[in-house]
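Numbering (the working numbering), first residue to last: 130 to 862.
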């Protein structure tokens with residue numbers, strides 16, 4: 130009967146395989162270690178552990194190459210300083226799935242071959258569909274204007290510009306000279322239906338030409354070609370060192386888990402068949418956060434062996450409009466390809482739209498349905514992004530007792546912008562609105578401010594303090610940026626590397642030690658080969674301004690240096706707090722309870738670290754640095770919810786799944802492309818083509834550092850992708 134049939138279904142579902150991608154990959158490798166070529170007893174490195182090992186390998190590798198006078202390192206050291214070289218290698222390692230094929234290809238090229246490759250990429254970029262489409266749009270705009278006199282000078286300019294745009298749009302030739310050298314003077318307004326309008330389009334055409342000129346090969350790209358070859362060879366060696374160290378310790382990082390699992394499945398038909406028999410159905414949740422390699426792994430488990438096409442046993446759930454984890458490898462284009470793949474193999478009903486919302490209020494749903502079709506309407510160009518369709522949502526929330534409104538808080542001084550294009554008074558405006566909400570009866574804890582980026586967090590904190598509005602940062606940022614944590618990190622770094630002047634300076638200026646700028650100035654005037662020698666001399670000079678404070682600081686640092694080699698880490702940090710009366714100093718800060726708990730959290734992290742083999746202060750300092758470098762977004766310690774009434778500050782990423790009575794989304798006019806001027810840019814020049822671009826000396830500009838053609842191509846693609854992801858971030862918020 131029916132009941133029995135359902136009981137049988139339930140019985141079959143007693144022990145399903147439910148896991149993350151990484152744990153699935155790990156279990157496959159442990160089941161088939163010989164076939165996968167991994168140590169059966171391998172250990173998995175967490176993010177911080179992997180970052181620490183990468184840093185250790187890098188130090189060893191650079192030191193060995195330096196002693197051997199390696200020509201690749203020597204060549205790059207003439208372009209960048211050692212820290213920049215090291216960061217370039219770490220950045221490539223963080224993108225190894227793409228960087229390794231690039232390094233193998235680039236490292237095998239001669240300078241002449243690399244130059245030809247750059248020129249080919251530039252031509253492909255200039256002749257791309259996006260460039261042609263933009264030219265056609267400009268032609269349409271020019272054709273919309275009418276001039277009554279064909280001898281008019283501006284008409285002649287417009288015709289020359291139109292011809293140059295048409296040549297590019299039709300793929301005949303790319304001659305930017307007429308666009309770059311156009312003369313906008315002359316012409317008579319009486320001959321035109323819109324004299325200023327045609328001028329604006331001509332200026333847009335010139336701007337496009339200037340942008341396209343950045344993709345053309347020039348003298349500086351000869352430097353870039355050689356830099357790419359040197360970096361590729363150096364990265365290959367660094368990758369070998371990192372792989373060797375992991376192999377010696379039977380260690381795999383998260384990237385290894387995915388790559389080894391993919392290699393295992395691609396190279397073993399018998400294993401693929403066995404796993405397909407085991408996993409009769411595959412369900413993937415949050416599919417919009419899936420990377421290309423993860424989908425390739427799952428597809429191998431689901432596809433028909435003979436035809437290679439998907440069977441009807443694969444079910445994925447996701448919302449491409451909520452794909453906001455590009456920095457972790459998620460690719461919204463994967464969602465688009467997988468959906469097409471699944472629909473192709475399930476023609477009877479492969480696509481199900483989940484368009485009913487039981488959560489949001491009706492007023493919000495109306496707003497979403499009104500605004501987001503327009504937000505997503507502009508189809509992405511060839512930056513590698515998928516086209517996103519917006520389907521109207523139906524509200525099914527019941528009995529909420531009220532509606533919701535959406536309001537726009539417009540900047541009072543939009544003309545005043547900071548380096549990222551954000552109005553300078555945005556933070557103050559947000560703080561004022563929060564105070565108004567509080568007067569209207571909102572509790573501060575009912576209000577959340579959601580940030581797309583962390584760069585301006587301090588501005589908003591300061592504005593809230595000025596407005597008298599309590600706040601706390603939660604769920605994804607804050608801990609390693611807090612003053613009390615940074616100060617203790619400064620002391621820890623000094624104890625780990627007492628010979629480093631910068632570490633000593635940070636320790637002396639920290640809250641626990643507390644020397645003033647005047648004290649440090651007095652120290653700088655003392656004789657000595659290093660800052661520590663000057664501190665020793667100053668500590669014995671009672672006539673020096675601030676002598677008592679300087680002597681006390683010297684005594685404290687000497688005491689802690691002695692304890693650093695003997696006391697457990699947790700006791701060491703506790704002693705530093707006790708010796709300096711840090712608790713009293715924290716009591717005078719803006720948020721004493723939060724600051725006190727942050728210090729306790731750092732001490733707890735130190736105690737947890739004590740169980741490791743290298744549980745000394747130097748190892749702990751390196752581990753903390755790795756935590757920060759790995760972009761592990763450590764939240765502040767959580768203050769007990771003892772009635773604390775505070776505005777919640779968090780990233781949009783951390784807010785997924787949460788609800789608040791009032792949500793504020795600042796930084797809406799922020800231009801994420803501004804302020805980014807890295808000497809190295811990694812990314813694609815078109816989908817699937819990974820490259821490395823640099824800022825290099827330009828012989829045509831007095832050897833001033835200028836962006837290479839490839840770097841400009843990568844930046845152009847990234848700008849488009851970031852623009853599309855910002856739309857999705859807005860939707861999530």
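Heads up, the beta-carbon is just placed ideally off N, CA and C, and yes, glycines get one too. Please read these numbers as outputs of a predicted model, since none were measured by experiment.
Cβ neighbour criterion (16 or more within 10 Å) applied to residue i
| i | result |
| --- | --- |
| residue 487 | exposed |
| residue 592 | buried |
| residue 641 | buried |
| residue 727 | buried |
| residue 723 | buried |
| residue 427 | buried |
| residue 480 | exposed |
| residue 527 | exposed |
| residue 694 | exposed |
| residue 525 | exposed |
| residue 146 | exposed |
| residue 346 | buried |
| residue 570 | exposed |
| residue 774 | exposed |
| residue 423 | buried |
| residue 821 | buried |
| residue 710 | exposed |
| residue 135 | exposed |
| residue 258 | exposed |
| residue 166 | exposed |
| residue 152 | exposed |
| residue 446 | exposed |
| residue 506 | exposed |
| residue 470 | buried |
Span separating the alpha-carbon of residue i from that of residue j
| i | j | result |
| --- | --- | --- |
| residue 357 | residue 317 | 51 Å |
| residue 520 | residue 473 | 21 Å |
| residue 679 | residue 706 | 18 Å |
| residue 778 | residue 580 | 8 Å |
| residue 556 | residue 588 | 6 Å |
| residue 849 | residue 383 | 28 Å |
| residue 397 | residue 161 | 10 Å |
| residue 439 | residue 233 | 32 Å |
| residue 697 | residue 620 | 16 Å |
| residue 407 | residue 444 | 16 Å |
| residue 464 | residue 430 | 17 Å |
| residue 712 | residue 725 | 7 Å |
| residue 677 | residue 828 | 56 Å |
| residue 748 | residue 757 | 14 Å |
| residue 178 | residue 754 | 11 Å |
| residue 75 | residue 750 | Coverage of the chain is limited to positions 130 through 862, which leaves residue 75 absent and any answer about it impossible. |
| residue 214 | residue 221 | 11 Å |
| residue 168 | residue 386 | 12 Å |
| residue 342 | residue 635 | 45 Å |
| residue 238 | residue 734 | 47 Å |
| residue 567 | residue 594 | 15 Å |
| residue 629 | residue 304 | 55 Å |
| residue 689 | residue 211 | 31 Å |
Contact under 8 Å by Cβ, residue i with residue j
| i | j | result |
| --- | --- | --- |
| residue 839 | residue 353 | yes |
| residue 255 | residue 344 | yes |
| residue 312 | residue 286 | yes |
| residue 298 | residue 261 | yes |
| residue 416 | residue 442 | no |
| residue 598 | residue 563 | yes |
| residue 434 | residue 468 | no |
| residue 294 | residue 264 | yes |
| residue 685 | residue 648 | no |
| residue 307 | residue 329 | no |
| residue 537 | residue 776 | no |
| residue 171 | residue 381 | yes |
| residue 731 | residue 701 | no |
| residue 793 | residue 858 | no |
| residue 460 | residue 420 | yes |
Which full runs of the beta strand (DSSP E) of 3+ residues lie inside the region 194-262, going along the chain? None, since the region 194-262 contains no complete beta strand (DSSP E) of that length.
Check whether the region 773-790 touches the region 176-196, counting contact only when three or more Cβ pairs, one atom from each stretch, lie closer than 8 Å. No, they do not touch.
Any chance the region 492-503 sits against the region 823-836, with 3 or more Cβ pairs inside 8 Å? Because the criterion of three Cβ pairs below 8 Å is not met, the region 492-503 and the region 823-836 do not touch.
Count the C-beta pairs between the region 363-383 and the region 178-189 that are closer than 8 Å, then say yes if the count reaches three, no if not. Enough Cβ pairs lie closer than 8 Å, so yes.
Where in the region 440-479 do unbroken runs of the alpha helix (DSSP H), each at least 4 residues long, occur, reported from the N-terminal end onward? Listed in chain order, the complete alpha helix (DSSP H) runs (minimum 4 residues) inside the region 440-479 are 461-474.
Quick check for students: name the residue ranges of the alpha helix (DSSP H) that lie wholly in the region 552-637, counting only runs of 4 or more. Listed in chain order, the alpha helix (DSSP H) runs fully inside the region 552-637 are 555-568, 586-596, 612-625, counting runs of at least 4 residues.
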